[in-house]
Amino acid sequence: MAFLAYFSRRRFLAGAAVSLSAPAYMRAAERIRVAALDWALLETLLAVGANVVAATELRQFRQAAVTPEVPATVADLGLRGTPNFEVLRLARPDLIFNSNFYAWADERMRRIAPVESHAIYKPGKSPFALAEQVTLAIGERLQLRAARELTEELAARLDRYRAVFAAGDGRPVIPINLGDARHFRVFGSDSMFGEVLKRVGLTNAWQGATSYSAAAPVGIETLASMPDAWIVMIPPHPADAIATLSASSFWNALPAVREKRVLMLGAVNPYGALPAAGRFADLLAQGLEHAWNG
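Mapping of the sequence shown onto the numbering used here: position 236 corresponds to residue 233, and the numbering continues sequentially without gaps.
Here you go:
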C-alpha cells in the first residue's frame, strides 16, 4: 500500500509539473469546453485542437466532411435545425460557437453557456477570407496557436498547387453535386470550392448566378454548354442517380464523359471552412494529376 501511495503521489506531482510547464494556450484550451451547431465552425474547432464536447449530426458530419476526425467523446446534439438542448446542457460547455444560419437558437443556448457567433457564408462575401478571419478569431479566443498555423499552411499549400495546375491542360472546372439523374447543384465562384479554384489558378466553368454559393436545381443538359470543362463530382450522390447516368445516352454523349474528363472526388463538406477547402484542393490535385499523367 505504501508503494501504491508513493507511486500515486509521484504521478500526481509529475502531472502537476507537466501542467505548470505546459504552454498557457494548451492549458487554456483544456479548460474551455466548447460546443457548436454549425458544421463549418465544428470542423474549424476540431482542426485547431479545441476541446469540443458537443456538436450536431455527427454521423452525417463524419460522412460529409470526413476530416477532421470527431472524437468519440463528443456528444451528438441531433439535428442542426432542432438540436437537443438538454444534451447540450448535460455536456457542460463553457462556450458555444454558433453562426448566422442558426442564430434563432442563441437565446436558448445562452441559458446554458455564453454564445459566440461567427459567419463564414454571407451573400457577397468571400467565404475563404471569412473562414480565415473566423479561424484566427477562434484561435485567439481559445489561445490556440494551431489556428494561425492552419491558415498559413493552407495558404502555402494552395500556392504550391497553383504551380501544379499551371502545368496541366488549362481546362475550366465545374464542381457539381448530383440531386438526381436529371439535376445537380453547382458551386459558383463565391463558394468555398470556387474560391479554391481561383486561388490555385483554375477557372470555374460555371459563370451563372448562385445563391449562398451554389445554384440548384440545374438541369443535367446544362453541362452540354460547357464541352471543354472537367466535370468534378462531389459526393454524396444518390446511388440510383449514378447508375441511371451511366446508362444515359445523353450523359455518355457529353464531350467530358466521352473524353474521360469526369472526376469523382471523395466527400467534402460543401459549406465547410478552411479544412474543407484544403481537402477539396488535395482531392482535386490528386485527381487531375492522375488524369493528366495516366
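Beta carbons are placed, not taken as given, at the ideal position from N, Cα and C, and that holds for glycine.
Enumerated in chain order, which unbroken segments of the beta strand (DSSP E) with a length of 3 residues or greater are wholly contained in the region 222 to 286? 227 to 230 and 259 to 261
Quick one: what does DSSP say V193 is sitting in, helix, strand or coil? helix
For the region 121 to 138 against the region 181 to 197, do three or more pairs of beta-carbon atoms, one drawn from each stretch, fall closer than 8 Å, so that the two count as touching? These segments touch.
Could you give the DSSP three-state label for P124: helix, strand or coil? helix
Label H287 either buried or exposed according to how many other C-beta atoms from any shown protein chain fall within 10 Å of its C-beta, with 16 as the threshold for buried. H287 counts as exposed, since fewer than 16 other C-beta atoms from the protein chains shown sit within 10 angstroms of its C-beta.
Buried or exposed for T53, please, with buried defined as at least 16 other CB atoms from any protein chain shown within 10 angstroms of its CB. buried
Could you check the C-alpha separation between W289 and S208 for me, to the nearest Å? 33 Å
Residues sharing a beta bridge with L175, DSSP: F181
Per DSSP, what kind of secondary structure is E113 in: helix, strand or coil? DSSP, read as helix, strand or coil, puts E113 in strand.
One question on the structure: do R30 and D91 come within less than 8 Å of each other, judged by their Cβ atoms? yes
Are the Cβ atoms of R138 and I109 separated by less than 8 Å? no
Could you tell me the alpha carbon to alpha carbon distance between A100 and A116, rounded to whole angstroms? 10 Å
Could you give the residue range of the alpha helix (DSSP H) that holds V31? No alpha helix (DSSP H) contains V31, which is instead part of the beta strand (DSSP E) from R30 to A33.
What do you get for G46, buried or exposed, if any count of 16 or more other CB atoms within 10 angstroms of its CB means buried? buried
Report the residue from I239, I93, P120 and Y118 whose alpha carbon sits nearest the alpha carbon of R107. I93
Please check the pair A202 and V170, which I expect to be a contact at CB under 8 Å, by giving their CB distance rounded to whole angstroms. 6 Å
Any idea what DSSP makes of N81, helix, strand or coil? coil
Does A213 come out as helix, strand or coil in the three-state DSSP assignment? strand
Contact check, I231 vs N174 under 8 Å by CB: the rounded distance? About 5 Å; that satisfies the 8 Å criterion.
Residue range of the beta strand (DSSP E) that F94 falls in? L92 to N95
List the endpoints of the continuous alpha helix (DSSP H) containing A44. W36 to A44
Give me, in chain order, the residues of the same chain whose beta-carbon lies closer than 6 Å to that of G263; leave out the 5 immediate sequence neighbours on both sides. Excluding the 5 residues flanking it on each side, G263 has same chain C-beta neighbours closer than 6 Å at L280, in chain order.
Spatial distance of G165 from A32 (CA atoms): 42 Å
Buried versus exposed call for S18 [16 or more other C-beta atoms within 10 Å across all chains shown]: In this prediction, S18 scores a pLDDT of 39, lower than 50, which makes its location untrustworthy; the coordinate-derived value is nonetheless stated afterwards. Flag for S18 reads exposed.
Excluding the five sequence neighbours on either side, which residues of its own chain have a C-beta within less than 7 Å of the C-beta of G216, listed in chain order? If we look at G216 and ignore the five residues flanking it on each side, its Cβ neighbours are R179 and H180.
Leaving aside the five residues before and after L133 along the sequence, list all residues of the same chain whose C-beta is less than 6 Å from its C-beta, in chain order. A144
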